[in-house]
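For the record, the sequence lines run as chains A and B.
If you read the first sequence in our numbering, its first letter stands for residue 1, the second for the next number, and so on.
If you read the second sequence in our numbering, its first letter stands for residue 502, the second for the next number, and so on.
Don't be surprised by glycine CBs; every beta carbon is placed ideally from N, CA and C.
No experiment lies behind these values; they were computed from the predicted model shown.
What follows is a single structure, written as structure tokens, with notes after it.
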Amino acid sequence: MQKLSQSDNYIIEMKNITKTFPGTKALDRACLKLRKGEVHALVGENGAGKSTLMNVLTGQYSMDEGEIFINGDQLRISSPEDALKKNIVLVPQELNLIPEASVAENIFLGNEIIRSGMIDSKATKSKAKDILKILNVDIDVTQPVKKLSAAYQQLVSIAHALAYSPKVLILDEPTSVLTNVEAENLFQAMKLLKQHGTAIVFITHHLDEVMEQADRITIMKDGKVVEEVLTCGITKDEMITKMAGKKVQKFQRIKRDISDEVFYEAKHLSRPGEFQNVSFHVCKGEILGVAGLVGAGRTEIFKCVFGITQSEPGAHIYIEGKEVKINSPIVAIAHGMGYVSEDRRHDGITPGMSVMENLVLPSYGKILDHGLINYKKAASLADQYIREMSIKTASRETMVKNLSGGNQQKVIVARWIAKGVKMLILDEPTRGIDVNAKGEIHNLIRQLADQGVAVVVISSEMDEVLALADRIMVIHRGKVSGFIDNVDLATKKDVLKVAFQ
Amino acid sequence: MDKVIKFFKTTPGMVLIVTLLVGVAVQIATGNFFTAYNISTLTRAASFVIIVGFAQTIVLLTGGIDLSVATIGSVCGMANAIFMVQYGMNPFLSILVTTLFGIPLGAINGFFITKFKLTPFIVTLATMEIYQGIVYVITKGMPITGMPDSAGNFADGVIGSILPNIVIIMVIICIILTIMLKKTRFGRYIYALGGNRNCAKIVGIPIDRVEILVYCLSGLLSAFAGVMMSCKLESFQATIGESWQMGSITAAVLGGTSMLGGFGSVIGTIIGGLLTGVISTCITLLRVSSYWETIVTGVVVLIAILIDAVRDNETFHKKFNRGFKKNKKHTTDR
């Protein structure tokens, strides 16, 4: 057995890994083989077990059964330190940086350059710069990480991994917050690492990236490995079919009739340093797509719309024709608005609470009996939405943190539908979510709009905006650079043209 | 039955087992732990710190902390003594008025924490000192004595020589708070606030109002404990409730309340408070020098949270259970 693996020259071999969590079998005899100097894509739907498998490899989770070989030698990895000692480094999907510490300090966190017992800050800075250069990033390494955009924070996170001079580098959804240019730089860096013999595991939902970047692909489904193939031996459609187990439709545009009754209108919204003079309206039953590059100010505009932040004086807000002042989410909700933020973990879910409680959190007013919560009503409300939105959960009492990302997102959307909103703002509703769940959320958004809800969808995925929106608002550098009314005929190019005009 | 087993797997469940085991051990050693007199004395003494523990629990649930609980109790206990002794106020009116006086004292904490976004630890540390200072300035460190017997009888009374009044009151407060925490919007908002403050804000929870009310409630409960303590002693000394500040945190945490917020219950706090009460009683019963009390309490707290941590930690769990699991495997193989 061992000889075989040596002759195959695998740097890592994971055999029959099984891992059970309460209620679910996250990994079921999963295998993964990594060669030196290859980019190995790991694809599958949310909850297929990709992250779990990588967490086992990096010692975050201990496996129930199975074996791991490194260069043919069997090995126990029982803690992240063990993995780091073997130069196996993971860049997690969710950022793990210390916001107050500088870029350079973050890059060498846990891996400090020590000279005579003290941290050598000079070497730290210069080496941090060198590492960032590999990623083609030129920023001031002394500034605190919290000042960077999400995209740059992601790059710092990758630089942190590179500081361990990894033999095996695992990138979990590295491009989800990156713009095209930054992603391209990352791919260049991956090629460079490959030449130095690093094995790269690349987890992503962007199958185009897989086709372009990966040498080999391992497809997972329900904790099992479905197939391991060379990239040249499979097409994108075949891959999707294998991931889903059934044929999935591509994003499809559906033409809808929209009323011309305006629900919400904003005039001259401004916040210095974020956006200037933003005016737009949303009709009842309309899906307004908001496109633009990451960092253009899209999120900031709609945080202001929802009252999380306040506009400069001079702005006017109208709801159903009446001028209103929205200075807190409480007021926004009272006017019938709901908001799904781009960062599920930070402000979307309350992880330690049950699915049911997360679902009814804004709707307690509806289920009170003489001032006391009627849990029967809460349960039936929760069960109704778990069923209607096919939320995959062991029960309504399951803690929401035990759900996969896509299902957490459904809970957050369900929360507002249960509340009965008239306008719903969704910021990156399908980020980091698999193709099938994406389709489900898209259908949900359309259903909502069909019921007369004004919907705003902010998305970096141009395909998504083009498929969903009835009208597109394009934001560039904090300003509305234009609207696209006739989305049917629009292409990605048109959107970019509007952005840069 | 399932629910009972589930309960004993939680932190307060484990602590309850430890508490009972300690009691049984001392019963075997001395033969006089489970006597009516001992139980009533023990629960009566523990009730005060448990009531303050309720206050602390509710604040901890929001992710905050209230270090001023003991000195709020002290200020209000002092006011109670002054009203009764110097102004001859009706004892029950005085108890009511001075207990309510805890609300503004708590509101001051809440005001600074919410309006200026200050850290609860620092704000309540400062008000703790201020309230303590007020007591010393007014009393000049001298005790106030001569409170009416009716006050003492009320606070220290025992029904049927086993059920102290204060225990009944403590249980009633626990029931009211449990209903509030489990079944009212305000109660769920407290958990939501501690579970994820950002999420709470986005779903439209009035977080400032909830937080101020929580500190008011904490002030109210602490004041009540202080007032009842001064009644029980029929006098006031500046040292009343000195141990409540840390004692309340100990009771809450042993009762399974998370210092990070979002998890816990007031019933757990009763169990946590009882454990510390049992320890101090046992030290008396075993005729150990009372100087040992805090050491033993500290060690027991450490052991209790260690058991809890081991239970939650997968790696530890595996290490502890490896031998056991191997045996189990053999039996299933057969």
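- Non-local C-beta neighbours of VAL560 of chain B in its own chain, meaning closer than 8 Å and more than five positions away in sequence, comprise ILE566, ASP567, PRO621, VAL715, TYR716 and SER719, ordered along the chain.
- Straight across, the Cα-Cα distance linking VAL168 of chain A with ILE200 of chain A is about 6 Å.
- Residues of the segment 704-720 of chain B with a Cβ closer than 8 Å to any Cβ of chain A, in chain order: VAL704, GLY705, ILE706 and PRO707.
- Listed along the chain, the chain B residues whose CB falls inside 7 Å of the CB of LEU372 of chain A are LYS684 and THR685.
- Cβ-Cβ distances below 8 Å link THR18 of chain A to LYS25, LEU27, ASP28, ARG29, ALA30, MET63, ASP64, GLU65 and GLY66 in the same chain, with the five nearest sequence neighbours on each side left out; the list follows chain order.
- In the three-state scheme derived from DSSP, where H, G and I count as helix and E and B as strand, ARG431 of chain A is classed as coil.
- PHE202 of chain A sits in a strand when the DSSP states are folded into three classes.
- Note on the segment 564-593 of chain B: whole alpha helix (DSSP H) runs with a minimum of 4 residues are 570-587, in chain order.
- The beta carbon of VAL553 of chain B sits closer than 6 Å to the beta carbons of VAL570, SER723, ALA726, TRP745 and SER749 from its chain, once the five residues preceding and following it are set aside; these are given in chain order.
- For HIS205 of chain A, the number of other beta carbons within 10 angstroms of its own is at least 16, and it is reported as buried.
- Beta-bridge analysis with DSSP links ALA266 of chain A to A:PHE280 and A:ILE317.
- For GLY405 of chain A, the enclosing alpha helix (DSSP H) stretches over residues 405-419.
- For the segment 371-391 of chain A, the set of residues with a beta-carbon nearer than 7 Å to any beta-carbon of chain B comprises GLY371, LEU372 and ILE373, in chain order.
- Secondary structure at HIS196 of chain A: coil, using DSSP grouped into helix, strand and coil.
- Between the segment 184-200 of chain A and the segment 31-38 of chain A, the count of C-beta pairs closer than 8 Å reaches three or more; the two stretches touch.
- Chain-order list of chain B residues neighbouring ILE349 of chain A: ASN697 and CYS700, by C-beta distance under 8 Å.
- Under DSSP, ALA291 of chain A forms a beta bridge with A:VAL474.
- When 9 Å is used as the limit between beta carbons, SER165 of chain A is near no residue of chain B, the shortest such separation being about 27 Å.
- Interface residue (Cβ-Cβ distance to chain A less than 8 Å): PHE508 of chain B is not classified as such.
- Taking a cut-off of 8 Å on C-beta distances, the segment 480-487 of chain A does not touch the segment 314-322 of chain A, as fewer than three cross pairs fall below it.
- Leaving aside the five residues that flank GLY49 of chain A on each side, the residues in its chain whose CB is nearer than 7 Å to its CB run, in chain order, ALA26, LEU27, ALA30, MET220 and GLY223.
- In the DSSP annotation of this structure, GLY338 of chain A is not part of any alpha helix (DSSP H); the continuous beta strand (DSSP E) holding it starts and ends at 337-340.
- Bridge partners of LYS15 of chain A according to DSSP: A:GLU67.
- Under the three-state reduction of DSSP output, MET643 of chain B falls in the coil class, being neither helix nor strand.
- When C-beta atoms of the segment 355-364 of chain A are compared with those of the segment 415-426 of chain A, three or more pairs fall below 8 Å, so the two segments count as touching.
- Using a Cβ-Cβ cut-off of 8 Å, LEU361 of chain A counts as an interface residue toward chain B, since at least one Cβ of chain B sits closer than that to its own.
- In the three-state reduction of the DSSP assignment, GLY482 of chain A falls in the strand class, which pools E and B.
- The segment 580-592 of chain B and the segment 673-692 of chain B do not touch, with fewer than three beta-carbon pairs separated by less than 8 Å.
- Residues of chain B whose Cβ lies closer than 7 Å to the Cβ of TYR364 of chain A are, in chain order, ARG686 and ARG689.
- By the criterion of at least three beta-carbon pairs nearer than 8 Å, the segment 322-342 of chain A is in contact with the segment 697-714 of chain B.
- Residues of chain B with a Cβ closer than 7 Å to the Cβ of SER341 of chain A are, in chain order, ILE703.
- DSSP, reduced to helix, strand and coil, places ASP215 of chain A outside both helices and strands of the structure shown, so it counts as coil.
- Taken in chain order, the complete alpha helix (DSSP H) segments of 4 or more residues contained in the segment 593-645 of chain B are 603-616 and 621-640.
- For LYS224 of chain A, the enclosing beta strand (DSSP E) has its first and last residue at 224-230.
- Nearest C-alpha to VAL39 of chain A among A:GLU209, A:HIS160 and A:LEU95: A:GLU209.
- The beta carbon of LYS377 of chain A is closer than 6 Å to those of ILE367 in its chain, skipping five residues each way along the sequence.
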